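So the structure is just underneath, and the comments pick up after that.
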Amino acid sequence: MSEFIIRGANPLKGEIQVQGSKNGILPILAASILVGGETLLHNCPDISDVACALEILHALGCKAQRRGGDIYIDSRTINGYEIPDRLMKKMRSSIIFAGAMLGRTGNVRISSPGGCFLGERPIDYHIHALSALGVDMEYDGEYYLCRALKLHGAQISLPFPSVGATENAMLAACAAEGSTIIYNAAREPELADLADFLQRAGFEINGAGGPTVIVSGGRSCGFVEYTIRGDRIAAGTLLCAAAASRGEVTVRGIDSARVSQLSHCLAEAGCAVRSWADAVRVGTVGPLSAISPVETHPYPGFSTDLQPPLMALMCFAKGESIFIENIFESRYNHIESLLRMGARIQAFDRIAHVHGVPVLHGERVDAADLRAGAALITAALGAQGETRISDLGYIDRGYERIEEVLASLGADITRITENDFGA
Ligand code: UD1
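To convert, note that position 371 of the sequence shown is 560 in my numbering; the numbers rise steadily by one, no gaps.
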């Protein structure tokens, strides 16, 4: 058990370099299997989801080691085909390793992936896409045994632009004979990053980051060196946290276009926002005011991952802000804790009405999932008094030593670990 103790209403000030992207690096770690050689990655976030991905690579027989912000992988030694259930259950992205394994060896055994509880998270689009490429799957009630004697190019129409299913299809299609066209592909920037990595490895991919992706196969050149891009969700969280604390913070290392939807919301709320090609600054001058309805949508719509921290910020804004969550069924796990801190929120089904209040007060709260944790940190930094946030395991999945990042900006935040409790 570990906790953050945050004493709020302490304006954050300064500049910070954002961590490498969680959603960017996870599919790239899977893609290192397709390289069939050496991969050297820079700017790798030190988060528990990445540690889990490295465990998966080890379990499959790859060498994978971290040195500071670099990760080196050698996938020539691959000799396994089972991803242990324990690792499948740790994070949703474990399923992306299936596409890469099928492309490289034609065999993989997986179970249903776990991850944050955000409602039903089926894998039917993944199964549909891999089957179209020639994968045969047997499900025994616990495990999927997947085999592909030969992958062949296909035309895949995704019923919804799923990020993970698009990544899985792209990875497997790299090893297919003939071209694959993925229609209604996810357009999140991390898809373009994955294609960039795969192209450097020697595969031919066009259109990634757009709605139609064409994978024409290719052959790995055996070595790739790549730098992970800045994390747009971590950057957005820091911008919300800075605004909630009524501070002024510049987040560097982020393509500002990737957070432009959030920047518009912050500006509408009355924050001073300035964007450069690779940085965004937010400052608070006057009181915050409510904003037009925020509806989450696949990229380039408003990110479901930034809905929780933005909602926490809007708890301090005068008037009513409305949120409509369209991606996940249960992405309002933060609301109960925000209510206990004094927020006024009415949520029914996918719609939440947030009525700003002059102050939130510190409370004991639980981070119910990764981005719910981001919302609670945001709220705590703006609240009067002391907030204790427990269940940090979720926050550590995606945010690299966030307490050190926030403390460097002047936040009063301490991590209490199990040992501190025992003392
Ligand atoms: C990725 C991101 C996550 C983000 C989400 C939506 C990573 C590591 N994670 O998650 O941060 O919140 O995109 O932008 O990149 N669905 C199905 N069947 C499927 C697959 C998905 O019904 O086979 C549904 C999901 O339940 C959800 C929606 O499609 O309602 C979007 O999911 P998806 O885009 O696949 O999310 P992830 O790839 O899991």
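Using N, Cα and C, we set each Cβ at its ideal position, and we do this for glycine too. These numbers were taken from a predicted model, which means no experiment stands behind them.
Near the ligand UD1: residue i beta-carbon under 7 angstroms from a heavy atom
i, result
"G490", "no"
"N522", "no"
"N212", "yes"
"H550", "no"
"V352", "yes"
"I516", "yes"
"H486", "no"
"F349", "yes"
"D494", "yes"
"A390", "no"
"Y261", "no"
Straight-line gap, residue i to residue j (C-alpha atoms, nearest Å)
i, j, result
"A612", "A596", "Because the pLDDT at A612 is just 46, under 50, the model does not fix this residue reliably, and the value given afterwards should be weighed accordingly. One C-alpha to the other measures close to 24 angstroms."
"A541", "D274", "36 angstroms"
"Q344", "I370", "5 angstroms"
"L319", "D235", "31 angstroms"
"V297", "S351", "21 angstroms"
"V324", "I511", "43 angstroms"
"C410", "R421", "30 angstroms"
"V413", "L229", "6 angstroms"
"L215", "D538", "31 angstroms"
"A354", "H315", "5 angstroms"
"R281", "L360", "16 angstroms"
"A557", "Y521", "10 angstroms"
"P400", "P547", "43 angstroms"
Pair within 8 angstroms by beta-carbon distance, residue i and residue j
i, j, result
"V438", "V474", "no"
"D494", "R560", "yes"
"E227", "D263", "yes"
"I194", "T603", "yes"
"V440", "L451", "no"
"G490", "A198", "no"
"E192", "I480", "no"
"L340", "A365", "yes"
Closer than 8 angstroms to chain C by CB, residue i
i, result
"S191", "Within the model displayed, chain C is absent; a lone protein chain is all it includes."
Which listed residue (the options) has its alpha carbon closest to that of residue i
i, options, result
"S300", "G330, Y314, G508, L322", "G330"
"S492", "G258, D274, R376, I284", "R376"
"L338", "G303, N373, M290, G250", "M290"
"L527", "I214, A569, R604", "A569"
"A563", "M277, E589, G396", "E589"
"P348", "Y328, E356, N373, G367", "N373"
"M530", "F517, I513, L549", "L549"
Neighbour-count burial assignment, residue i, 16 or more Cβ in a 10 Å radius
i, result
"S593", "Before going on, a small fix: residue 593 reads as Glu here, not Ser. Under this definition E593 is an exposed residue."
"F286", "buried"
"P482", "exposed"
"N268", "exposed"
beta-carbon residue i near the ligand COA non-hydrogen atom, thresh 7 angstroms
i, result
"E309", "In the structure on display, the ligand COA does not appear, and the ligands it does have are the ligand UD1."
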